[in-house]
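Counting in my numbering, the sequence shown runs from 255 upward without gaps.
Yeah, the Cβ is synthetic: ideal placement off N, Cα and C, and Gly gets one too.
The structure appears right after this line, and notes come after that.
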Amino acid sequence: AIYVNNKISNEIKDNNIENNVIPGSGEMFNAIAPYYDLANRFMSLGLDQNWRRALVKELNITNDETILDLATGTGDVALLIGNYIKSNNIQNSRLIGIDPS
């Protein structure tokens, strides 16, 4: 919910949004999260994994870096980054995953 001066905003009141949930606030993703990765694999015929692996490789992660996965969702990219760090023996790097849902 959006609060201004401890009062719910007019946007929410005017739209009669139930339970103070704003569309796009993560509720939809929370509902599909258990099936999201599987659906992605199916709909992309597995190609989604290719771009994720390419992304991780392009990061050129080295020692002593902090990597932020913003809107990490199911954490699939963060897991790939973590595996990359471990398998390449990269030292003292931190991986942070943040998601609004």
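Within its chain, find whatever has a CB closer than 7 Å to the CB of residue i; leave out the 5 residues flanking it on each side and keep chain order.
i	result
residue 353	325, 326, 327
Could you check the C-alpha separation between residue i and residue j for me, to the nearest Å?
i	j	result
residue 338	residue 346	13 Å
residue 341	residue 312	16 Å
residue 295	residue 301	7 Å
residue 298	residue 308	16 Å
residue 320	residue 344	12 Å
Taking C-alpha atoms, which residue in the options lies nearest to residue i?
i	options	result
residue 348	289, 318, 291, 329	318
residue 315	287, 335, 331, 350	335
residue 350	333, 344, 343	333
Within its chain, find whatever has a CB closer than 8 Å to the CB of residue i; leave out the 5 residues flanking it on each side and keep chain order.
i	result
residue 291	328, 330
residue 303	295
Residues in the same chain with beta-carbon distance under 6 Å from residue i, minus the five sequence neighbours each way, listed in chain order, please.
i	result
residue 280	354, 355
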